[in-house]
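Chemist: Input: one structure, supplied below.
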């Protein structure tokens with residue numbers, strides 16, 4: 055039986071509040087803390103607002119409004135004492151090393167002996183996060199990388215160090231499995247872990263190859279979606295969903311720690327079009343639009359797609375007519391060998407992605423089944439790269 059009876063989450067952003075909401079759904083009490091905004095009369099305003107957003111979101115981050123009562127709101131200045139009886143303390147603050155380490159010092163000053171401390175980071179190495187901390191802290195520390203939204207995404211990537219207690223890893227895995235319904239994949243302490251290491255490369259390759267081949271985002275997504283067992287968003291729809299401005303941040307964080315010979319270093323390039331889109335506020339669904347946007351003409355809303363060469367928008371086609379998409383009904387092989395633009399695009403992006411995934415064994419994992427599981431659960435692929 056797991057010894058996790060009470061959990062704390064530090065950082066009430068989209069991920070932190072989502073994690074807190076999901077843990078509360080298991081019947082486990084949760085403490086949620088964040089900073090105090092300058093000049094704010096309500097010192098817990100950030101946390102309270104975050105919980106309200108989780109409650110009213112569509113879909114809600116809570117399985118039922120009643121479980122929100124299990125979340126206790128507080129702040130990092132007045133309520134650190136609330137961490138004293140927590141069995142698992144999850145850090146989900148800004149992806150900045152100085153900010154995270156400052157939080158760890160505060161945690162370590164008040165936590166009880168043997169409580170597990172973990173980071174939800176997806177970019178910073180564990181050994182860097184714990185540099186300068188005591189052996190006792192390192193023994194209780196690990197990375198637990200949830201995927202957004204935590205309520206619906208089953209993947210939990212877990213990474214420990216040579217210092218991390220084996221029983222602590224086991225305890226968190228059992229709690230995540232039994233109480234949270236997660237599929238735990240054990241990762242090595244490498245940049246992007248498994249899912250984002252491969253997924254970010256796949257998305258960047260998909261973007262750059264679409265520009266090179268002069269295929270429209272709508273055509274590219276028609277190919278790199280259901281025909282290859284991937285979500286119907288494809289690549290460009292996924293960019294819009296997660297935020298176009300997020301990709302450069304993730305990529306640059308990964309480039310800071312990737313091996314010098316990693317293929318992503320030679321691949322990564324932020325196109326001028328993307329820089330301009332971000333500068334103009336076209337960051338995806340959270341902004342004015344992205345590679346796709348809704349444009350109002352009179353009383354009618356029309357969905358439009360961007361031209362990757364000119365940056366101009368035009369109405370999307372009612373149906374994409376690509377012979378390669380029809381050929382895919384006979385199998386992925388038929389798609390990859392089809393001579394039209396869709397087949398060329400699929401072959402370039404998929405073969406490049408599969409080759410990159412193969413090159414990362416055993417760097418990111420000793421187990422190819424774990425790699426397949428991470429991509430299926432983290433990116434909703436029907437088949438992992440090795441299955442494919």
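Numbering (my numbering), first residue to last: 55 to 442.
From the three backbone atoms N, C-alpha and C, an ideal C-beta is built for every residue, glycine too.
Report yes or no: do three or more beta-carbon pairs, one from the stretch 256-264 and one from the stretch 305-321, lie closer than 8 Å?
Modeler: yes
Chemist: Do residue 161 and residue 282 have their C-beta atoms within less than 8 Å of each other?
Modeler: no
Chemist: Figure out for me which residue from 133, 153, 383 has the closest Cα to the Cα of residue 279.
Modeler: 383
Chemist: Which of the three DSSP states is assigned to residue 62 in this structure?
Modeler: strand
Chemist: Using the Cβ count rule (16 or more neighbours within 10 Å means buried), how would you classify residue 45?
Modeler: For the chain, the structure presents residues 55 to 442; residue 45 sits outside this window and is missing.
Chemist: By how many angstroms is the C-alpha of residue 72 removed from the C-alpha of residue 203?
Modeler: One alpha carbon belongs to residue 203, the other to residue 72, and they sit about 7 Å apart.
Chemist: Which residues in the same chain have their Cβ closer than 6 Å to the Cβ of residue 426, if we skip the five residues on either side of it in sequence?
Modeler: 438, 440, 441
Chemist: Among 294, 225, 207, 205, which has the Cα closest to the Cα of residue 214?
Modeler: 225
Chemist: Within a Cβ cutoff of 6 Å, which residues of the same chain sit near residue 148, ignoring the five residues on either side of it in sequence?
Modeler: none
Chemist: Following the continuous alpha helix (DSSP H) through residue 230, name the residue where it begins and the one where it ends.
Modeler: 220-232
Chemist: If you measure between the beta carbons of residue 249 and residue 429, is that distance less than 8 Å?
Modeler: Going by C-beta atoms, residue 249 is nearer than 8 Å to residue 429.
Chemist: What is the DSSP secondary structure of residue 19, reduced to helix, strand or coil?
Modeler: The structure shown does not extend to residue 19, since the chain is modelled only from 55 through 442, so no value can be given for it.
Chemist: List in chain order: all unbroken alpha helix (DSSP H) runs of 4+ residues lying wholly within the stretch 368-416.
Modeler: Scanning the stretch 368-416 from its first residue to its last, the whole alpha helix (DSSP H) runs of 4-plus residues come out as 377-381, 386-390, 395-413.
Chemist: Please state whether the Cβ-Cβ distance between residue 298 and residue 254 is less than 8 Å.
Modeler: Taking 8 Å as the cut-off, the beta carbon of residue 298 is found no closer than this to the beta carbon of residue 254.
Chemist: By the 10 Å Cβ neighbour count, where 16 or more other Cβ atoms means buried, how is residue 156 classified, buried or exposed?
Modeler: Residue 156 is exposed by the Cβ-count criterion.
Chemist: How about residue 176 and residue 196: are their beta carbons less than 8 Å apart?
Modeler: no
Chemist: Does DSSP put residue 435 in a helix, in a strand, or in coil?
Modeler: In this structure, residue 435 counts as coil in the three-state DSSP scheme.
Chemist: Nearest to residue 270 by CA position, among 361, 198, 190, 194, is which residue?
Modeler: 361
Chemist: Measure the C-alpha to C-alpha separation of residue 389 and residue 277 and round it to an integer number of angstroms.
Modeler: 9 Å
Chemist: So that I know if they touch, is there some Cβ in chain D lying closer than 8 Å to that of residue 56?
Modeler: Reference to chain D is not applicable here, since this structure consists of a single protein chain.
Chemist: Would you mind working out which of 317, 306, 375, 295 sits nearest residue 344, comparing C-alpha positions?
Modeler: With distances taken between CA atoms, residue 344 lies nearest to 295 out of 317, 306, 375, 295.
Chemist: Taking only runs that begin and end inside the stretch 281-337, name each unbroken alpha helix (DSSP H) of 4 or more residues, in chain order.
Modeler: 290-296, 300-309, 317-321, 326-333
Chemist: How many whole angstroms separate the CB atoms of residue 174 and residue 144, which I take to be in contact at a CB cut-off of 8 Å?
Modeler: 6 Å
Chemist: Quick check on the DSSP output: the beta strand (DSSP E) that includes residue 237 runs from which residue to which?
Modeler: 237-240
Chemist: So the beta strand (DSSP E) residue 210 belongs to, where does it begin and stop?
Modeler: 209-213
Chemist: Using only CA atoms, which one of 122, 67, 264, 206 lies nearest to residue 289?
Modeler: 264
Chemist: DSSP on residue 117, reduced to helix/strand/coil?
Modeler: coil
Chemist: Measure the Cβ-Cβ separation of residue 127 and residue 86 and say whether it is below 8 Å.
Modeler: yes
Chemist: Measuring alpha carbon to alpha carbon, tell me which of 178, 218, 211 ends up nearest residue 308.
Modeler: For residue 308, the nearest C-alpha among the options comes from 178.
Chemist: Check whether the stretch 102-116 and the stretch 208-223 touch, using three or more Cβ-Cβ pairs below 8 Å as the test.
Modeler: no
Chemist: For residue 354, list the residues DSSP reports as bridge partners.
Modeler: 351
Chemist: Closer than 8 Å is the cut-off here; do at least three beta carbon pairs connect the stretch 75-86 with the stretch 221-239?
Modeler: yes
Chemist: If the criterion is Cβ atoms closer than 8 Å, does the pair residue 164 and residue 132 meet it?
Modeler: no
Chemist: Specify the secondary structure class of residue 126 as computed by DSSP and reduced to three states.
Modeler: strand
Chemist: Starting from residue 110, trace the alpha helix (DSSP H) in both directions and tell me its first and last residue.
Modeler: 99-110
Chemist: Take the Cβ of residue 246 as the centre, count every other Cβ of all protein chains shown within 10 Å, and call the residue buried at 16 or more, exposed below.
Modeler: buried
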